[in-house]
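Residue numbers (our numbering), protein chains in the order written: chain A, 31 to 286; chain B, 31 to 286; chain C, 31 to 286; chain D, 31 to 286.
Down below is the structure, laid out as structure tokens.
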């Protein structure tokens, strides 16, 4: 089982005067952050500040590109062609790399956001468009994706470095996919800690039907818009370390 | 006087279903193109197609970042801080570089658009913000700017490679700045050819007060939204070549 | 069969510096115009000018609200709830009415644009959201819709005044729906004239399978982004008048 | 001195997933609300919910139109023509009226937001454009403006009903204008109560130079983005009522 794991969260999704999440506190705990790139959330000023904050905290930077649907926060299905999806990713990841260059920080990974992520689970052409975008970016970033979903497998078959992702605070369906929630309710920290340690150490999670399914991964996803977010990451991290699991970013795990 | 000159135009400023300019025809004539990056004009799909078209025509690619004012096409003054201007340039240039990487085309230059260009002529802090953005981009692109304006001089003093720009189809004020027109009227091709050859070969242009002023430059700016645009570039190019002037991109001139 | 018919086209879909269609020429021919409201096309300045132009030409004004997807021109499916669709219509129609009030012009009708129109053909909840929006607007405008589609029938059952629409330049499927084209190719004017006269006078159109289907309507839809648009409307209008059909706006037909 | 006063705040400035201010709590205290219309803040869904909330709380509804600058929240100067400003107001106020119609709530007033408000204090042509927009809206709403600023006086001279506005939590310059703050710091509730009672009952406020200046008004402006906002309004309201001042909306004061 995994002896090493990355702790990731989304961030940089504030916009203009609007604040979302708690990047400052989350960054003191996670090892990787997926930063909004201005389409579903984030703006150039937020991106600059978030990259600077990541550097300051030694957190590895990834891109979190989404659909151009600010009102819907990229969480509504939009009928795009694979080529349009590729363009949206190249544009947004490129924009983020502008700030990475400014702070001399490498771009570690790409994790598509919202429906640009979810629609790809069942749409192979879309998944391919996304992966072609990742292949195009130089140097090629790691693809962060839910373990064993179709895009995960497709990335493996294309030789793209892919990091399986565990979800700390979402429920799993029997097929291994997660239920995306629009709002994150009260989280039971102890239950979350136990669930995550089991996922990482035993490679198993109890799905919504009560049966255990196999999960593999290199990173645990936490949500920063939960007020208890930083506390949860901290508790999980300490429990993992006690169980002998090393906490390290994806770059460190891939040796890049 | 200049024995070598680049021919540039703006392009990639179409948006979605909306078509602007005549990139296909202009690209057969110019040696450099400044591509819209999605804020004042352009979108990710247009950017991809425009970079592809530039590559196909052997035209050097530059970025043409503007203000986030699509209704005003970036031609209205917007009160931004130097840091905000820097962020807008890093974001947009980065986004364009995403497509440059996809087509393995280097980013030759940056030319700010509309009021992000004009406001900087008289606002040293803003000019500095723009130049700091250019300095941040790796590898550092050439700055394309009107000869002897304050940002031009500031770039020189900062050791940034700056290419002076002649305007083929705009009138010059006695101080060497040009009058930006919102629409481009009927152009007298013969007069334009004579004017440009004089600028390039003699280094002089007749200003609006009838007196000659000195101009220097490495590039001539043409406007693609003029229906006669391609014809004008062609006529100017032929006349320059007859006068012994070599037509070469900025990269070639700077030996980069 | 119909002895009276309205001639409509879309308009006011230019945006900022970008020009779309040929409103000036189309307005000299049509009796009703459906004006973009700023989400898929149009902006506040374009809306003002288009309403002014309609008034000047005695053309009745309708709203043409679409999805908030400017890059896709509202022609991509977006997963909205019926309530979101209703909100988009109330917002956009209200905005247009701001300019109608300024020019003392009544709002005659509402015709949803692009996928906000097409998705409703097969989604009854969405259709209901759209019609509830129309019901909410005061005074209640006419709903302009393709004859016998589900939203057309639903509007009738709700007691909303609905005007069936013929398409002059689109092909009909055997079920009476039309094939939306993203670009409009070469149009055979004579064939169009014959087709429209047959639709209006005989109430029949030949579908793509070669069989005649029944069509009813109060308005013929023309496309202004076709360069021959104004010529086509003129030819159709003259042929209809020769066949004894009266050309009158929807307001005149409904006696409102 | 004023024996009657309205209590207003801005609201409906949330956007998509982003929450701003505390409309629910503020609406239990104020008598009028100025609702964002989607350009600087707010979106169609937020507008619908805010109008519904206002109706439920018996709070009078006004429009709060701003510049199309979401990143800058309408607080950056934008070089618009008076006609462009007029168009932005007609569009946004019309859009809000779409929701007012849906909930059968009259539009009481218009208060321009951010720099669309502030730029007009010193730009008579812009002020005129704004007031011509207000004059165009039917029925004509009340103009809510800082007492004795140029647009206030211009409105009076044009016969537009204008309600002078006191600021509870901003400091006054000796010329009667206020200092707009981008963020609202800690507020001393007792001092605010004393200041407001003095403004309303005595018609005087101590300016930043320590001298009292004359102020008149029909409404007190509170800021909902201050966490103590609802508490402040409540304290001010009780103190005013104890001083014999009646709390009533602008519509009630103007008898409309």
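Virtual Cβ for every residue (Gly too), placed ideally from N, Cα, C.
Item	Value
Would you kindly report the start and end of the unbroken alpha helix (DSSP H) that includes residue 80 (chain D)?	74 to 87
Quick check: what's the CA-CA separation for residue 98 (chain A) versus residue 73 (chain D)?	15 Å
Once the 5 residues before and after residue 229 (chain C) are set aside, which same chain residues still bring their CB inside 8 Å of it?	196, 235, 245, 247, 250
Taking the straight line between their C-alpha atoms, what separation do you get for residue 364 (chain A) and residue 92 (chain A)?	Nothing can be reported for residue 364 (chain A): it is not among the residues displayed for chain A, which extend from 31 to 286.
Hey, quick one: how far does the alpha helix (DSSP H) through residue 124 (chain B) stretch, first residue to last?	112 to 132
Looking at the secondary structure, which residues open and close the beta strand (DSSP E) in which residue 91 (chain C) lies?	90 to 94
From the beta carbon of residue 41 (chain D), is the nearest beta carbon of chain B less than 7 Å away?	no
Could you check the C-alpha separation between residue 53 (chain A) and residue 46 (chain A) for me, to the nearest Å?	15 Å
For residue 44 (chain B), count neighbouring Cβ atoms within 10 angstroms of its own Cβ and tell me buried if that reaches 16, exposed if not.	buried
Can you give me the Cβ contacts of residue 76 (chain A) inside the same chain, cut-off strictly under 6 Å, excluding the 5 residues immediately before and after it?	42, 44
Determine which residues share a DSSP beta bridge with residue 279 (chain A) and list them.	BP columns for residue 279 (chain A) are empty, so no partner.
Does DSSP classify residue 267 (chain C) as helix, strand or coil?	helix
For the stretch 61 to 70 of chain B against the stretch 131 to 148 of chain B, are there 3 or more C-beta pairs whose distance is under 8 Å?	yes
Compute the distance between the beta-carbons of residue 231 (chain D) and residue 273 (chain D), then report whether it is under 7 Å.	yes
Shorter than 7 Å from the beta carbon of residue 98 (chain A) to some beta carbon of chain C?	yes
Please list, in chain order, all residues of the same chain as residue 60 (chain C) whose beta carbon is under 7 Å from its beta carbon, the five residues on each side excluded.	37, 38, 39, 89, 252, 263
Could you say which of D:101, D:119, D:242, D:94 lies nearest to residue 289 (chain B) if we only look at CA atoms?	The structure shown does not extend to residue 289 (chain B), since chain B is modelled only from 31 to 286, so the question has no answer here.
Tell me, which residues are paired with residue 192 (chain B) by DSSP?	B:173
Since residue 168 (chain A) meets chain B, which of its residues come closer than 8 Å, beta carbon to beta carbon?	131
Can you look up residue 235 (chain C) in the DSSP assignment and give me helix, strand or coil?	strand
Quick one: Cα of residue 128 (chain C) to Cα of residue 161 (chain C), how far?	21 Å
According to a CB-to-CB cut-off of less than 7 Å, which residues of the stretch 86 to 114 of chain B neighbour chain C?	100, 101, 102, 103
What does residue 126 (chain B) reach in chain A if we use C-beta pairs closer than 8 Å?	124
Less than 7 Å between the beta carbons of residue 64 (chain C) and residue 141 (chain C), yes or no?	yes
Where do the ends of the beta strand (DSSP E) carrying residue 59 (chain B) lie?	Where residue 59 (chain B) is concerned, there is no enclosing beta strand (DSSP E), given that its DSSP letter is neither H nor E.
So, residue 189 (chain D) versus residue 177 (chain D), is the Cβ gap smaller than 7 Å?	no
With which residues is residue 65 (chain B) paired in a DSSP beta bridge?	B:41, B:93
DSSP has residue 252 (chain C) in a bridge; who is on the other side?	C:39
Give the interface partners of residue 161 (chain B) over in chain A, defined as CB-CB distance under 8 Å, in chain order.	Within 8 Å Cβ-Cβ: nothing; residue 161 (chain B) doesn't reach chain A, min ~14 Å.
With residue 164 (chain A) as the anchor, note down where its beta strand (DSSP E) starts and where it stops.	Here residue 164 (chain A) belongs to no beta strand (DSSP E); instead the alpha helix (DSSP H) covers 154 to 166.
What's the C-alpha gap between residue 118 (chain B) and residue 95 (chain B)?	7 Å
With DSSP as the reference, label residue 243 (chain B) as helix, strand or coil.	strand
With a threshold of 8 Å on Cβ separation, who are the neighbours of residue 151 (chain B) within its own chain once the five nearest residues in sequence on each side are excluded?	157, 176, 179, 180, 181, 207
Residue 35 (chain B) to residue 169 (chain B), Cα distance in whole Å?	23 Å
Would you tell me roughly how many angstroms separate the C-alpha atoms of residue 120 (chain D) and residue 124 (chain C), rounded to the nearest one?	10 Å
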